[in-house]
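K.L.:
With our numbering, the residue at position 27 of the sequence shown is 12, and numbering never jumps.
Backbone N, C-alpha and C fix where the C-beta goes; we use that ideal spot for every residue, glycine too.
Source: prediction; values computed, not measured.
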Amino acid sequence: MNATTVPPTLLVTGGAGFIGSNFVHLLAEQRPDARVVNLDALTYAGNLENLRELEGRANHVFVHGDICKSADVARALAACGKGPLQVVHFAAESHVDRSIQSGLPFVETNVVGTQVLLDACRARGVERFVHVSTDEVYGSLGTSGMFTEDTPLAPNSPYSASKAASDFLVRAAVHTHGFPACITRCSNNYGPYQFPEKLIPLMIANAGENKELPVYGDGMNVRDWLYVRDHCEAIQAVLERGRPGEVYNIGGHNEYPNLEIVRLILKLLGKPESLIRFVKDRPGHDRRYAIDASKMERELGWRPRYDFVTALPLTIRWYQSHPEWLQRVRSGAYRDYYAAQYGAR
Ligand code: NAD
Ligand code: DAU
């Protein structure tokens, strides 16, 4: 960068969640000069302890706010200043089981919130907007085939339907207003800071406490697992080199049935398979996801660097070496951290 170039500011929504906080850590490592503004409502899934190591950095700003509220989004944009701005939009309600219990919060944040954010960013003017979506918008696969970017959308859960709706809103902003957005659709992530309601951290946490490991249905549902670091690097590539208006599938070439993963975790932890408990299946449970990520490789030169052989043990070690993080999340104590640092929530 020459002396006259202003480093762009990045607005990250949902940066206190699992993938968002991993992405903010990656930015701190790879783009230490960039100003990062993190807009997060700190729902149950938001945890500022995920960003503890970055506290005190003058160029990392946290804005406590809701993407559904124009005034909160305006506050975050004001904190970004007037220079070039890039946006990475992670904020969402993300857990399928919760969406089956109650769909409305998913429509509010994932659909309404995305539109509020799009409107504000369009009025402000941004260099690039990356909308972080999911492979679940494509629906479910049989035993063969993969999702490509041209696979028709057929979401099956309230969560994936709300994400598909948000994808269409982003597409409409591109088509109607020439808004410079890309959409990414990624498969299941795993790694540090994942909320232990999701399969892998839940199984690690339960096994660690010798509690039962609940496996839905026959345990033969297949997901294509991607280490979160790979996902964050893929988002960086899309942010820097993605073509506006394009969709990019991101996946791990790492398909496993749930039961096999649970057995692997038990083996790595030296725990007995008798901890496995088959439970009632998730309603509408998608059978299989698999991602064709060849466009990412062809156009942006990205491919995953990790698979389960390398990154599942890494992930287990991370949870084992952060017992306090896990204990504070499981007990709910992490919810008080914001108040302790910043005053009332
Ligand atoms: P997460 O649930 O761990 O974190 C979501 C974050 O968004 C939290 O910090 C939460 O406080 C914040 N948030 C929620 N509602 C908000 C609102 N109204 N305003 C501001 N902030 C709000 O989610 P995640 O697993 O990190 O997923 C991040 C994104 O990636 C989501 O859009 C999700 O759909 C997508 N995605 C996730 C996966 C996965 O495997 N986890 C895979 C593909 C895509
Ligand atoms: O594919 C990307 C999606 O992956 C993201 O868009 C979602 O935000 C993310 O939550 C994830 O959705 P899944 O529903 O696939 O993830 P989850 O970890 O909830 O479940 C993974 C698989 O494990 C799924 O087949 C259900 C099963 N499962 C899950 C839990 C929590 C169990 O068998 N037992 C469990 O206790």
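1. By Cβ distance, which residues of its chain are closer than 8 Å to Gln326, with the 5 residues on each side in sequence left out?
2. From the DSSP output, in three-state form, read off Glu121 for me.
3. Kindly confirm or deny that the stretch 148 to 160 and the stretch 292 to 304 touch, where touching means at least three C-beta pairs closer than 8 Å.
4. Closer than 7 Å to a non-hydrogen atom of ligand 2 - does that hold for the CB of Thr119?
5. Please state whether the Cβ-Cβ distance between Asn239 and Ile4 is less than 8 Å.
6. Between Ala146 and the rest of its own chain, which residues show a CB-CB distance below 7 Å, the 5 nearest in sequence each way excluded?
7. Tell me whether His116 is buried or exposed, calling it buried when 16 or more other Cβ atoms sit within 10 Å of its Cβ.
8. Should Ala192 be labelled buried (16 or more other beta-carbon atoms within 10 Å of its own) or exposed?
9. Ends of the beta strand (DSSP E) at Cys167?
10. Kindly identify the DSSP beta-bridge partner or partners of Leu24.
11. How about Ala1 and Asp18: are their beta carbons less than 8 Å apart?
12. Which stretch, first to last residue, makes up the beta strand (DSSP E) that contains Cys271?
13. Is the CB-CB distance between Val264 and Pro181 below 8 Å?
14. With 16 as the cutoff for other CB atoms within 10 Å, does Ala30 come out buried or exposed?
15. Okay, do the stretch 121 to 139 and the stretch 210 to 220 touch, 3+ Cβ pairs below 8 Å being the bar?
16. Output the distance between the C-alpha atoms of Met188 and Val247, rounded to the nearest integer angstrom.
P.N.:
On the basis of the data shown:
1. Leu33, Glu40
2. helix
3. no
4. yes
5. No, they are not a contact pair.
6. Pro140
7. buried
8. buried
9. 166 to 171
10. Thr(-2), Val48
11. no
12. A quick correction: the sequence has Asp, not Cys, at residue 271. No beta strand (DSSP E) contains Asp271, which DSSP labels as neither H nor E.
13. no
14. By the beta-carbon neighbour count (other beta carbons within 10 angstroms, threshold 16), Ala30 is buried.
15. no
16. Met188 and Val247 have their C-alpha atoms roughly 7 Å apart.
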